[in-house]
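Novice: The structure is given below, and queries will be raised subsequently.
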Amino acid sequence: MTADEKPPFDAARPVALVTGVGRSVGIGAGIARRLAEAGWNVAFTYWTPYDARMAWGIETGAADTIAKDLEERGAATVAVEADLADPEAPGRVLDQAQGRLGNITALVMCHCESADSGLLDTTLESFDRHFAVNARATWLLIREFGRRFNGTPGTGRVIALTSDHTVGNLPYGASKGALDRITLAAAHELAHLGITANVINPGPVDTGWMSDDIRDHVLRQTPLGRLGSPQDTAHLVDFLCSPQGQWINGQLQKSNGGLAG
């Protein structure tokens, strides 16, 4: 490209990488859309075999649908299918995202492994996969992001989604607890790069997984009398990624409408 040529997209927009964007109704997709609306170019990951194992199943063409949504909001985008249980995947994801969109300044991690099981019935394979995806991949993504970051000091952002649910969901909750500690450590260990790091607990957000009993229970426990939405989480991520959010650092933020217990 010569000095007189323009890139095929608006390279002045900052770049965010959002992981775990496999369903158009999911929290990850809501965050990606909001960042696109706020002026970001957005790379995102998904892993179809995970959705195939879940009750909701595969959403055919979801990556294309989400990419089109982002483009309609002015963003350049790239979708990367990646099994984050593979320790080589984080590096490959950043290679592809940066190769297409340029330097990444925000890493927003919505990926997860989540299969309900408790203390007595969790298998070793399930326990290990939860920690590989929810904890180890989070560490490796943050590590790759920190190693490659060359943005203006103060512009870097790391955000991870967590959960405090453990009863009957032991490997998920335990591995999310590890995710918390890893991400909050980045607030200090990456401070010299001008990167902030925060964790968001969105509480129970109905993206199609809730039964009627769960939905009724959540409604009774929430003072505002409604369920959380992907947009609720997305607005907080948008703020944290903005210049106005740079003083929020090393925090675990709850965005759950005051959910009790």
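Under numbering that gives the first Met the number 0, read the sequence shown as residues 0 to 260, first letter to last.
Idealized CB from N, CA, C, for every residue including glycine.
Mind checking which residues open and close the beta strand (DSSP E) that includes Glu80?
Specialist: It spans Thr76 to Glu80 - the beta strand (DSSP E) in which Glu80 sits, taken as one unbroken run.
Novice: Quick one: Cα of Phe43 to Cα of Leu100, how far?
Specialist: So the alpha carbons of these two residues sit roughly 11 Å apart.
Novice: Nearest to Gln97 by CA position, among Gly29, Asp163 and Gly150, is which residue?
Specialist: For the residues Gly29, Asp163 and Gly150, the minimum Cα distance to Gln97 belongs to Gly150.
Novice: By how many angstroms is the C-alpha of Asp127 removed from the C-alpha of Ala136?
Specialist: When rounded, the distance between both Cα atoms is 12 Å.
Novice: Between which two residues does the beta strand (DSSP E) holding Gln252 run?
Specialist: Looking at the DSSP string, the run of the beta strand (DSSP E) that includes Gln252 is Leu251 to Lys253.
Novice: How far does the beta strand (DSSP E) with Leu106 in it reach, from first residue to last?
Specialist: Its beta strand (DSSP E) spans residues Ala105 to Met108.
Novice: In the DSSP assignment, find the beta strand (DSSP E) that holds Arg180 and state where it starts and stops.
Specialist: Note, Arg180: premise wrong, no beta strand (DSSP E); alpha helix (DSSP H) at Leu169 to Glu188.
Novice: Where does Ser162 land, buried or exposed, given buried means 16+ other C-beta within 10 angstroms?
Specialist: Looking at its Cβ environment, which holds 16 or more other Cβ atoms inside 10 Å, Ser162 is buried.
Novice: Mind pulling the beta strand (DSSP E) runs of 3 or more residues that sit fully within the region 98 to 172?
Specialist: As far as the region 98 to 172 is concerned, its whole beta strand (DSSP E) runs of at least 3 residues are 105 to 108 and 155 to 160.
Novice: Here's the rule I'm using: 16 or more other beta-carbon atoms within 10 Å means buried, otherwise exposed. How should Ile213 be labelled?
Specialist: Ile213 comes out exposed.
Novice: Taking the C-alpha atoms as reference points, what is the distance between Pro48 and Gly193?
Specialist: Answer to the nearest angstrom: the Cα atoms are 36 Å apart.
Novice: Select from His164, Gly224, Ala54 and Gly244 the residue whose C-alpha is nearest the C-alpha of Ile158.
Specialist: Nearest of His164, Gly224, Ala54 and Gly244 to Ile158, Cα basis: Gly244.
Novice: Helix, strand or coil for Val24? Go by DSSP, reduced to three states.
Specialist: Note: Val24 maps to coil in three-state DSSP.
Novice: Of all Cβ atoms in chain D, is any one closer than 7 Å to the Cβ of Pro152?
Specialist: Here chain D cannot be found, since the structure has a single protein chain.
Novice: Beta-carbon within less than 8 Å of Ala185's beta-carbon, same chain only, minus the 5 sequence neighbours each way: which residues are those?
Specialist: The answer, listed in chain order, is Ile141, Gly145, Val157, Ile194 and Ala196.
Novice: Consult DSSP for Phe238 and reduce its assignment to one of helix, strand or coil.
Specialist: The answer is helix: DSSP assigns Phe238 an H, G or I state.
Novice: Give the secondary structure of Gly56 by DSSP, where H, G and I count as helix, E and B as strand, and everything else as coil.
Specialist: Three-state DSSP puts Gly56 in coil, outside helix and strand.
Novice: Please classify Leu192: does DSSP put it in a helix, a strand, or coil?
Specialist: Here Leu192 sits in helix by DSSP.
Novice: Ala66 lies in the alpha helix (DSSP H); which residues open and close that run?
Specialist: Taken as a continuous stretch (DSSP letters only), the alpha helix (DSSP H) holding Ala66 covers Ala61 to Glu71.
Novice: Classify Ala11 as buried or exposed, calling it buried when 16 or more other Cβ atoms lie within 10 Å of its own Cβ.
Specialist: It counts as exposed.
Novice: Relative to the alpha-carbon of Gly73, which residue among Glu58, Val41, Pro203 and Arg147 has its alpha-carbon at the smallest distance?
Specialist: Selected option, being the one with the closest Cα: Val41.
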